[in-house]
Amino acid sequence: MVKKIIAVLLLVGFLSYALWQGLSPNEASDNSNLSEYKDLNIKKGDSARQASGQAYGLEPKDTAPPFTLSDTSGKSVQLSDFKGKKVILNFWATWCPPCQKEMPDMQAFYEKYGNDVQLLTVNLTSSEGSKQAVSKFLKEKQFTFRVLLDDQDSVGSKKYRVSTIPTSYFIDEEGKIVQRVNGPMTLKQMENFAQQAAN
51 MVKKIIAVLL LVGFLSYALW QGLSPNEASD NSNLSEYKDL NIKKGDSARQ ASGQAYGLEP
111 KDTAPPFTLS DTSGKSVQLS DFKGKKVILN FWATWCPPCQ KEMPDMQAFY EKYGNDVQLL
171 TVNLTSSEGS KQAVSKFLKE KQFTFRVLLD DQDSVGSKKY RVSTIPTSYF IDEEGKIVQR
231 VNGPMTLKQM ENFAQQAAN
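In this text, residue positions in the sequence shown follow the numbering used here: the first is 51, and each later residue adds one.
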């Protein structure tokens with residue numbers, strides 16, 4: 051009798067687990083595992099391609115995932131607008147002390163290299179009090195580089211799997227990722243990227 055009860059409990063346990071697995075999301079729960087990046091059911095190494103003929107990923111030499119966001123003035127900006135230019139894509143928030151630490155270096159870099167390297171900073175606006183709070187922060191700190199607003203959390207955590215901020219991606223002229231920087235960037239890191247010869 052005891053064996054039958056144990057067998058029934060095991061069967062119920064296995065069925066419950068199978069049901070839970072079937073209903074849980076397909077995406078990886080660990081956002082820091084970049085090799086499991088998915089965008090429209092495309093994984094690194096899959097033969098599937100998007101309409102543009104490119105597979106996207108988050109590892110070095112992968113094509114950076116495309117996106118469209120509005121900047122603080124309401125202008126729509128696409129990553130593809132900067133094809134042919136180097137891009138530093140930075141994710142940040144006003145309440146983040148390490149983000150604030152790197153911003154003076156970003157401003158200095160923007161003033162020196164802004165014509166050669168596009169500095170795109172993406173504010174995780176869904177974590178802020180409001181869009182106005184972001185604009186007020188930028189004005190008070192006198193930061194003049196371009197800021198995009200991710201108010202639906204559609205780019206930072208979903209497309210770029212950002213789990214800690216600041217996080218930055220260095221993207222080459224072909225739109226391919228060169229390097230990911232976790233934590234505050236230094237002016238030297240940004241300058242090295244700007245001066246790096248194209249592959």
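Note that CB positions come from ideal geometry on N, CA and C, so glycine has one too.
Three CB pairs or more closer than 8 Å across the segment 109-125 and the segment 157-164: no
Span of the beta strand (DSSP E), counted from its first residue to its last, around Q155: As a position in the sequence shown, residue 155 is number 105, starting the count at 1. In the sequence under discussion, the amino acid at residue 155 is Asp, which differs from the Gln named in the question. Run containing D155: none in the beta strand (DSSP E); it sits in the alpha helix (DSSP H), P147 to Y163.
Beta-carbon contacts of G206 that lie in its chain and below 7 Å, excluding the five residues immediately before and after: As a position in the sequence shown, residue 206 is number 156, starting the count at 1. Apart from sequence neighbours up to five positions away, the residues of its chain that approach G206 with a beta-carbon distance below 7 Å are F141, V172, L174, D200 and V212, ordered along the chain.
First through last residue of the beta strand (DSSP E) which encompasses S218: As a working mapping, residue 218 is identified with position 168 in the sequence shown. Start and end: T217 to I221.
Environment of G134 [buried if 16+ CB atoms lie within 10 Å]: Reading the sequence shown from its first residue, position 84 is the one you call residue 134. By the neighbour-count criterion, in which a residue is buried when 16 or more other Cβ atoms sit within 10 angstroms of its Cβ, G134 is exposed.
Proximity below 9 Å, CB of G225 to CB of A105: Along the sequence shown, one-based indexing puts residue 225 at 175. Along the sequence shown, one-based indexing puts residue 105 at 55. No. Outside cutoff.
Beta bridge counterpart(s) of F141 as assigned by DSSP: Taking the sequence shown and counting its residues from 1, the one referred to as residue 141 is at position 91. For F141, which the question treats as bridged, DSSP gives the partners V172 and T217.
First and last residue of the uninterrupted alpha helix (DSSP H) at V184: For this step, residue 184 is matched to residue 134 along the sequence shown. Where V184 is concerned, the enclosing alpha helix (DSSP H) stretches over K181 to K191.
Simplified DSSP state of Q239, which is helix, strand or coil: Position 189 of the sequence shown, counted from the first residue, corresponds to residue 239. Correct three-state label for Q239: helix.
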